[in-house]
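Enquirer:
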Ligand code: KG4
Ligand code: ZN
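In my numbering, the protein residues as written are 203 to 548.
1. Which residues neighbour ligand 2 when neighbourhood means a C-beta less than 5 Å away from any of its non-hydrogen atoms? List them by chain order.
2. How would you label residue 229, buried or exposed, when you count the other beta carbons within 10 angstroms and need 16 or more for buried?
3. Using the three-state DSSP reduction, which class does residue 377 fall into: helix, strand or coil?
4. When the Cα atoms are used, what is the spatial distance from residue 208 to residue 226?
5. List in chain order: all unbroken beta strand (DSSP E) runs of 3+ residues lying wholly within the region 232-303.
6. Taking contact to mean at least 3 C-beta pairs separated by less than 8 Å, is the region 263-276 in contact with the region 399-412?
7. What does a CB cutoff of less than 7 Å around residue 484 pick up in its chain, not counting 5 residues either side in sequence?
8. Near residue 240, what residues of its chain come up, given a Cβ to Cβ distance below 7 Å and the 5 sequence neighbours on each side ignored?
9. Where do the ends of the alpha helix (DSSP H) carrying residue 429 lie?
10. Given the structure, does residue 376 come close to ligand 1, in the sense that its CB is under 7 Å from one of the ligand's heavy atoms?
11. If you run the structure through DSSP and keep just helix, strand and coil, what is residue 398?
12. Could you please give me the residues that DSSP links to residue 229 through a beta bridge?
13. Taking 7 Å as the cut-off, is the C-beta of residue 286 nearer than that to any heavy atom in ligand 1?
14. Sorted by chain position, which residues of the same chain lie with C-beta nearer than 7 Å to residue 379's C-beta, five sequence neighbours on each side aside?
15. If you draw a straight line from the alpha carbon of residue 235 to that of residue 267, how long is it in whole angstroms?
16. Using a threshold of 8 Å, state whether the C-beta atoms of residue 514 and residue 340 are closer than that.
17. So what does DSSP say about residue 368, is it helix, strand or coil?
18. Looking at C-alpha atoms only, which residue of 313, 417 and 461 is the closest neighbour of residue 543?
19. Rounding to the nearest angstrom, what Cα-Cα distance links residue 354 and residue 331 in this structure?
20. May I ask you to list the residues that DSSP assigns as paired with residue 315?
21. Would you kindly report the start and end of the unbroken alpha helix (DSSP H) that includes residue 354?
22. Could you have a look at residue 347 and say whether DSSP puts it in helix, strand or coil?
23. Below 8 Å between beta carbons: does that hold for residue 381 and residue 523?
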């Protein structure tokens, strides 16, 4: 291996995935993700259960990552670990594990902002392609940033209530589907009739780049409740087709909201590049709509679907970049439930 580069182990435990990965010079060597199923019956992530599952899985996940990459511990040059934002009890598991590893191997550790990790998923191993408009849409975030200098971000807009993914998760839960609901909504939407149901696009006439998804969610919930009342003798076939029509309308309203605000961000900043990551970027309709911005001359870079949802690769890539800049965290590094990207150093 080239001497100038170090092997970086990334560890991510900010929510309900126990994940690790190895990267070297922007390239993924191996990756392992354990997605926790314990939350399925609850319709959302139960923090206490998530922490318990992380502690049971962190060692096998890291071991598997090293084995897949044919790497021994002594070859590691640094450890990158999600420090926030997320569930503090969950982050602490990955963080304590990462600290113990880095300390015992006498190698640097770097705390990674999970939101920056999501953006690195779209950089394809390259340096941050500034200037760009950065979109993070996940289960906890719907944020639009402007980055003009690598590693620095200003916030252009954010959701004022629910996150885009949260909106999918809540409606899917009401339909009786397990958490996470986004993939299920996408599947259902593919069977839906585009003209059957319309849901309002939120904050259309608001000049800010903020978004809102709770109105869409409430409108969808009302339609669901009305449909339930109508169908006392519920026949499954009918309700599947109603769910499909509603999923189509929900997906369209959420994606329309995001795309509208991204278009407005482009107009406001004059920046010709859009970069997007986070679990909702796995959604094919959102991908299609964002990709079509390229027809207007935009450079559109989306995290590939497998790197859009939580994983260790993007943590390792963001950490590798910051380590290369000479940044290090010290042993006081701790978990932060709130960690605004616009306040990150660099
Ligand atoms: O980034 P992520 O894995 O975790 C967080 O940081 O939150 O994002 C998870 C979110 C969930 O809300 C999930 O329903 C949503 O991403 N999601 C999707 C799809 N795949 C995951 N939403 C819509 N369509 C999908 N295909
Ligand atoms: Zn995430």
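All residues carry an ideal CB built from backbone N, CA and C; glycine is no exception.
Expert: Checking against the coordinates, here is how it stands:
1. Answer in sequence order: 340 and 512.
2. The residue in question, residue 229, is exposed, as its Cβ has fewer than 16 Cβ neighbours within 10 Å.
3. Helix at residue 377.
4. Taking the straight line joining both Cα atoms gives about 6 Å.
5. Within the region 232-303, the complete beta strand (DSSP E) segments at least 3 residues long are 278-286, listed from N- to C-terminus.
6. These segments do not touch.
7. The answer, listed in chain order, is 507, 510 and 511.
8. Cβ neighbours of residue 240 beyond the five flanking positions: 251 and 255.
9. Where residue 429 is concerned, the enclosing alpha helix (DSSP H) stretches over 416-432.
10. Not one heavy atom of ligand 1 sits closer than 7 Å to the Cβ of residue 376.
11. If DSSP states are grouped into helix, strand and coil, residue 398 belongs with coil.
12. DSSP output for residue 229 lists 226 as bridge partner(s).
13. Result no, Cβ not under 7 Å from ligand 1.
14. Cβ neighbours of residue 379 beyond the five flanking positions: 386.
15. Going by the C-alpha atoms only, they are around 9 Å apart.
16. No, the pair does not count as a contact, with Cβ atoms beyond the cut-off.
17. It is helical.
18. Nearest of 313, 417 and 461 to residue 543, Cα basis: 313.
19. Distance between the alpha carbons of residue 354 and residue 331 is about 12 Å.
20. In DSSP, residue 315 forms a bridge with 286.
21. Segment: none, residue 354 is in no alpha helix (DSSP H) and carries neither H nor E.
22. In the structure shown, residue 347 sits in a strand (DSSP, three-state: E or B).
23. No, they are not a contact pair.
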